[in-house]
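For reference, the structure is listed below as structure tokens.
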Amino acid sequence: MTQTRLPYSVLLAVLLLTCCYPSGAQVVASNARTVRQTTRPATTSQTLSLRDVLNDFKARYGVDILFEDRIVAGQVIPATAIEAGVSLEKNLDNVLRPQGLRYKKIKAKVYAVLSEARARKLTLTDAPEALPLEPGVTLKTVSIQALQPLTNVTTAAADVSVTGRVLDEQGGELPGVSVVVKGTQRGTTTNANGNFTFSVPDRQSVLVFSFVGYQSREVTVGSQAIINITLTADNKTLNEVIVVGYGTVKKSDLTGSVASLKAEDFNPGANASVDQLMLGRSPGVQVNQSSSEPGGGVSIRIRGASSLNAGNDPLYVIDGLPLDNSSTLSSSPGGNVGVGTNQNPRNPLNSINPNDIASIEILKDASATAIYGSRGANGVILITTKRGSKGKIGVSYDMNLGIQNVPKPLGVLGTADYIKFMNGVAKDEGRAPEFTDADIARIGAGTNWQEQIYHQAPLSSHNLSVSGGDDNTTFFSSFNYFKQDGVLKNSGIKKYIARVNLERKFGKNVKLGINLNTSVVNDLNSIDGLNNNENAGPINASLLYDPTEPVYNANGTFSQSKNLTVNNPVSLIEGLKSTNVTNRTLGNLYLNYIIIPGLDAKLNFGSDRQTARRDLYNSTRTLAGAPAGGIANIATLERSNVLFEYTMNYTRKLTSNSTFGVLGGVTYQYFNNRNFAGTIRGFPSDALATNNLGLGDTNNDNLSSGQEDNTLLSYLGRVNYSLNDKYLLTASLRADGSSRFGENNKYGYFPSVAAGWRLSEEPFIPDFFYDLKLRGSWGITGNQDINNYASLTTYTTGANAVFNNAVSTGAQPSRIANPNLKWESTEQANIGLDASILQGRVSLTLDYFVKNTRDMLINLPIPRATGFASLLTNIGRMENKGVEVLISSTNINQKQFKWSTTLNVAAIKNKVKDIGNIPEIVTGNVEAIGNTAVVRVGYPAYSYYGYNVLGIFQTGDNIAGSAQPTAKPGYPIFEDINGDKRITPADQVIIGSPFPDFTYGIQNTFTYKRLQLDVFFQGQQGASLLNINVLESLYPNNARRNRLAEQGLNRWTVDNPNTRWPSGANPSAYGGGKVNSLTLQDASYLRLKNVQVSYNLPVQKIKFIQSARLYVVGQNLATFTKYIGFDPEANAFGRSNVRIDYNGYPLARTYMLGLNIGF
Amino acid sequence: MKIYPLKTALLALTLLGAGCQNTLEETVYSELTPGNFLNTTSGKQAVLTSAYGNIQVKGFWSFFYAPYTSGEAWNRGGSIETLITPLSDFTWDSNHAWFGESWNSLYAAIRDANIVLDNTKNAATDTDKLINAEAKFIRAVGYWYLYNLHGPVPLYTTSELTEFTLPRASEEEMKSFIEKELLEAAPLLPLKAAQYGRATRGAAFGILCKHYLNTKQWQKTADMAKQITTLNRYSLVPNYKDVFSLANEGNAEMLWVVTASPQAGHNLVALTFPTDYPLPYPSNQVFAARSYFFDSFVNSFASGDTRRNLIVTEYTNTAKQTIKLLGINQSLSAKYEFDPNAVGAVQGNDLPVVRYADILLSWAESLNELTGPTQEAIDLINQVRIRAGVTPLTLAGFTKETLRNALLKEREWEFYSESKRREDQIRHDRFISEAKARGKNAQPFHVRFPIPLTEISANPKLEQNPGY
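Sequences listed follow chains X and B, in order.
For what it's worth, the numbering used here labels the leading residue of the first sequence as 373, then goes sequentially.
For what it's worth, the numbering used here labels the leading residue of the second sequence as 2, then goes sequentially.
Structure (structure tokens):
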């Protein structure tokens, strides 16, 4: 049998080789046709086993074909029946029809083989006939219900006659569905049109409909004479197809560590972006909402932080197009506009519609990611959007309406407590009281500034999609409108996204497709961030501002405290506006060509183009805007990339039980971005904002522009081999060239190998295991996520000098060049186990990995006396190792009530192993506070660095003999690490790690009849987080700034000696605003992230509606934590590994009402 | 047959890579590449401009190190309180943010100067020779500041670094390097610069004179002061107020100033006045931070001293209340006036570094240290006193010690808000004792600021100043 395929294999191998040496391609290609035609007659006399043929089709076409052993047993077909270069459907017809069999397409890439005779007989007789299905099916994927043997129906006198029709989700008839009276052997099957007629004993009878590959359903007859039902495909029982880099693979054949999330695994409700769908859903994938602002930044760490200074975010690939996910314009531009610097950029994935996503595959180990080479080290997220399928046109409409609020404002001192605190501290410092009785009487209730800046905010989203297709063309199109106001006044996001996915077959071998996504995202930004004083945004100002001040003066203008260089918070809300408009269109056009069966070529052309513009106007109502006469800033960004990719894929059955596949390709991607920004101040009026910069003082403008590009050129290859469906082997290699690296190091090579052993196929493994697979992989991936031009010396804008009272702009070197700059490499080894029992009801995925990053791209500090802060160098090593566990279980599976649980846990340890010749890198600078973190060998990267507080000096302590001889009772006691009887910077130590010990997510789903309840918890344990708002409260920059209530009310006094918080008197005399263990907090938390109650409306009787679902979702309902602050996940540095919470945007509690209708 | 071209085309695409070898070259669009750029005069001038920008020091440190450590002023309010308090209280450590800022900006000037010097090594044209001399001047001024703050520091003298880490120079190397460089640059520098703000011979001599004074090289101080008078360019401006007025920038008294404009200025004024102070121009802005003089200082001026007129002792605030500042240690310096062209808190007042009054008093001081009180010294002091409208001194009755005290007192009145008092006190070993007298826990090692902690971490060859 195998010889029959030999000629093919020879010529295919030749063809494949020619791909690598294309000079002779034409000749060889034409020979190929000739050879095939001439060899064909020689195979006429040979026959093949139908079972082998079907198994061969599965591999060759990358589909799943379900069949019962019984109906194919002993069937043979002539080898000539199989045609080369035709569709699977054609070939299935060729091999099945002569055997009296037919096939049914259950869903995309899944076919079931049926006995046609059964259906034919049914149509010939009026009397229903039950056909017993025989046990002994080989596929474990066949559902249990389908195996119940049926006996002939015996019709009793009192029987009730019912008729009906069974359809699949796409509206197609389902023949051969077993219909059984529950608890009896009585039953029938549907005919070729999906119809059945049948008598049941009484109207209380329950009918059980079951079919291979579908979820069975039960219906009580009741008063119905006609029972029409729809069966839905059962993903659990099917052999899932997983999308991997440059291809797909059956889950059972997977050797790498890949987390696959389908629509039902996503977080429910209206999600602003794709990454929020995944939050908490997959072990080892930490999705942190670094800013909870609508449309705010998200940082994703797959298996920890693998780089110190290069990027740590994964590569996103959407339908085969790798995205440039660099940040879009941040919400504020910094100093020259008199507002703070916000390092939390807008989320670049805002321009993708979460409702369009069919599945998300997260590639975690090197075997899965090495095919992406220099962009694989941080993991890869493959996003697959929905396609249309053949059949009736389906229309789906989703609507969400919601309301968000701030569950709990930060506890700062209220007016009365503030006055008491200020007067108390003044007394302790030996000053006159800040507030006299007359002042207190005048002030009255004062102002609660947080109440002034937060409000209840609405959220709404509408999504309409239409999909369908015929034999040659399928399409999916959608339109999404999403609007979310922020809980902080004057912030929010509004966006419109449209998508078209179209695929068309031309003849038998050619398929052309296009995926196109276009979007407009309007952001209304909040401007909080890392800055202080007059640059502080409304959130910071609301915490610091004096609660005894009124919002407005008597004349209606904003009041402004004379004690504080902090804006009246309301003046920031009303006086400052920052908007972004981002237009982004991305898509790809692809051509698939089946050269011969098993060998196909794919050409993929993609592009991602975005233009963004930010307008910021700081009006004369703010501290900075008033003297400037208004400050206007416009910034634009154009970012584009082009992908050109060619791959060939060959799958070949070598022997009856071994399969070989090979993939080869070349890919080129070019990135370009251009920016322009201008700031002008001095406007005659605030009325026009940024709409007429020419009205400003053009002698005082500030302009900047820039352009950058970079290129990747790569060659990739992968080999798969499987033997007996038991032993699986995958190896891949990518040669990646990047313009970013030094002259001598343009190319990097990224290999991987992986092996899988399906133990469940072994006879010595008990049948108890439904599936048991051991996986192991090793590989090297790279990281090239650094700035352009890092290997070159260039000159850029330098310091400004003043000559003749005018400004002259100088030029200075941008950096010290490093011509030897090369890739950062991450070597990763992974061992995994997939196990499931009870027909897949309980499954477990376990992975252990060790990731070693070496030749790290480190900004190595060099003496500033050289004129440079650092040199980007390939040096050092860092390790991440960890365990990931995913457990899914259907706890209760009864007809009325179902309960399933999914639990994911990951524990990842990060450790810096080497940073060259220097002992440590102190970094993470925050304005007016200084450095906050350290990179030191033997410790987690960016550990918090500061002084350790041992307690509080009490009256009568031997202060003079301590390391702080000038301290007073009520001052914190710092640990004198080096014992030199003084507190100096040498006494700073690592006081905490930003990495959690473990992270987890728990999903519970309860289904009762039409009602479903989903409850999702997620959290982390053991991480610390530095809260600069706590530090600011402990060491106020100015005595009159407000404090956190916890510190203010519970400060040390003679009468309150047992407290952890210092006295607050002369705070700059103790600690000087530096990081210490009091400012670090335990960021462990458990969050009730989502609760969803949904109800499937009974709409069978409404002709034009297929399905309708009504649901209520609550998000962020409760957070259990000791953390003081809005969110223990916040990071003011955005995606950086230096984690601090500073003016975090409050995480809103959201309630949503949703409706989903399918037409 | 018609399918073959398609197959061929697809297969031929694998050629793609072959034709793209040059695609990995980097094109730099918005920055300049050094090769050609540094061969041009405008290129060298641009880097020199950056060097000037960095040596025209306007960071908070540049005007706050001296007044708060010497007890000239005290501060309340604003977020810089947390940075000023350690300076006032002698509790600063190597982690203080300003030490890093001053170190970085001064060495940035030295870096830029080194680049210019390396590219004008064999200067053939007059332009190149001048550029070279200006760069040499800037580098010397950079090291002069650094020596003043930290003592000897590593001498980086080339941009072509083969070694990033250098040890500190010795005391003698440091002193003589500054001297040698200024002496070399001075003859090549013009008496009057083509643009106000650039280096002149007078500037080089002025810095050198102060260098000699602060290193107690008395004879050289006197000689240099005398040499400066022979330049015939510098004189006292008749009215003390005019020395600092915006309208009179570039006046005859200035040897070297930090030039400023509202577009590249400083916040000194905004950090001095309270928020309820009536601002004269709509574009003015002040911060919540205030800088105050003690009553004892304000009251020490002789009556009729016009220099005291630039100190605000009471004002009518925006709420029309009269606020008396004298009596509560809250008098304000109005030496630098509000700038009508200010861009918010940023003003363009030039900040003097070396002015002729300082040369005169330095000269007098060196003469006194060399020989004790002389009429020559008294006359020099009296030039300054007469301009201020106070009674001239007479030689009679002065000992070396009492004249030294009188000179230091004179310098306090003359140079308040000009960042002189710290070095004056250190020169006469009074920095620590005066701090102790104010009740501060000052130690002898405090006369030198520590090397910034980050620099110590990045350069294992650096030894920290003792005590830190």
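Cβ coordinates follow ideal geometry from the N, Cα and C atoms, glycine included.
Predicted model, so just to flag it, every value in this text is computed and none were measured.
With burial defined as no fewer than 16 other Cβ atoms inside 10 Å of the residue's Cβ, what is the status of residue i: buried or exposed?
{"i": "V313 (chain B)", "result": "buried"}
{"i": "P470 (chain X)", "result": "exposed"}
{"i": "L649 (chain X)", "result": "buried"}
{"i": "I614 (chain X)", "result": "buried"}
{"i": "L1383 (chain X)", "result": "exposed"}
{"i": "K401 (chain B)", "result": "exposed"}
{"i": "N1503 (chain X)", "result": "buried"}
{"i": "K211 (chain B)", "result": "buried"}
{"i": "M1524 (chain X)", "result": "buried"}
Check residue i in the structure and name its three-state DSSP category.
{"i": "L785 (chain X)", "result": "coil"}
{"i": "L167 (chain B)", "result": "coil"}
{"i": "T376 (chain X)", "result": "Per-residue confidence for T376 (chain X) stands at a pLDDT of 40, beneath the threshold of 50, marking its modelled position as unreliable; the derived number appears in the next sentence. Note: T376 (chain X) maps to helix in three-state DSSP."}
{"i": "L494 (chain X)", "result": "Its pLDDT being 35, under 50, L494 (chain X) is placed unreliably in this model, and the value from its coordinates should be taken loosely. Helix, per DSSP."}
{"i": "D1352 (chain X)", "result": "coil"}
{"i": "H834 (chain X)", "result": "strand"}
{"i": "N1155 (chain X)", "result": "strand"}
{"i": "D728 (chain X)", "result": "helix"}
{"i": "M225 (chain B)", "result": "helix"}
{"i": "F450 (chain B)", "result": "coil"}
{"i": "I1287 (chain X)", "result": "coil"}
{"i": "M1020 (chain X)", "result": "strand"}
Under the DSSP definition of a beta bridge, which residues are partnered with residue i?
{"i": "P941 (chain X)", "result": "Answer is none; P941 (chain X) lacks a bridge partner."}
{"i": "M255 (chain B)", "result": "B:R356"}
{"i": "L963 (chain X)", "result": "X:L884 and X:L975"}
{"i": "F793 (chain X)", "result": "For F793 (chain X), which the question treats as bridged, DSSP gives no partner whatsoever."}
{"i": "G1486 (chain X)", "result": "X:V1463 and X:Y1523"}
{"i": "P1344 (chain X)", "result": "X:I1324"}
{"i": "G1001 (chain X)", "result": "DSSP, once it has assigned bridges, lists no residue as partnering G1001 (chain X)."}
{"i": "Q1041 (chain X)", "result": "X:L1015 and X:L1084"}
Where residue i and residue j are concerned, what is the direct C-alpha to C-alpha distance, given to the nearest angstrom?
{"i": "I1209 (chain X)", "j": "D1139 (chain X)", "result": "9 Å"}
{"i": "P1191 (chain X)", "j": "N1047 (chain X)", "result": "27 Å"}
{"i": "I1188 (chain X)", "j": "P35 (chain B)", "result": "12 Å"}
{"i": "G468 (chain B)", "j": "V784 (chain X)", "result": "40 Å"}
{"i": "C21 (chain B)", "j": "L1088 (chain X)", "result": "For C21 (chain B), the predicted model reports a pLDDT of 48, less than 50, meaning its position is unreliable and no value from the coordinates is stated."}
{"i": "S723 (chain X)", "j": "Y853 (chain X)", "result": "11 Å"}
{"i": "T1198 (chain X)", "j": "A484 (chain X)", "result": "43 Å"}
{"i": "A187 (chain B)", "j": "E377 (chain B)", "result": "27 Å"}
{"i": "L333 (chain B)", "j": "T70 (chain B)", "result": "18 Å"}
{"i": "R423 (chain X)", "j": "K1098 (chain X)", "result": "18 Å"}
Using 7 Å as the cut-off, classify the Cβ of residue i as near or not near the heavy atoms of the ligand FMN, replying yes or no.
{"i": "L256 (chain B)", "result": "Ligands in the displayed structure: none, and consequently the ligand FMN is not present."}
Which chain C residues sit within Cβ distance under 8 Å of residue i?
{"i": "I111 (chain B)", "result": "In the displayed structure, chain C is absent; the protein chains listed are X and B."}
* Identify every run of the alpha helix (DSSP H) within the segment 1401-1438 of chain X, keeping only runs that are complete inside it and at least 4 residues long; order them along the chain. => 1417-1421
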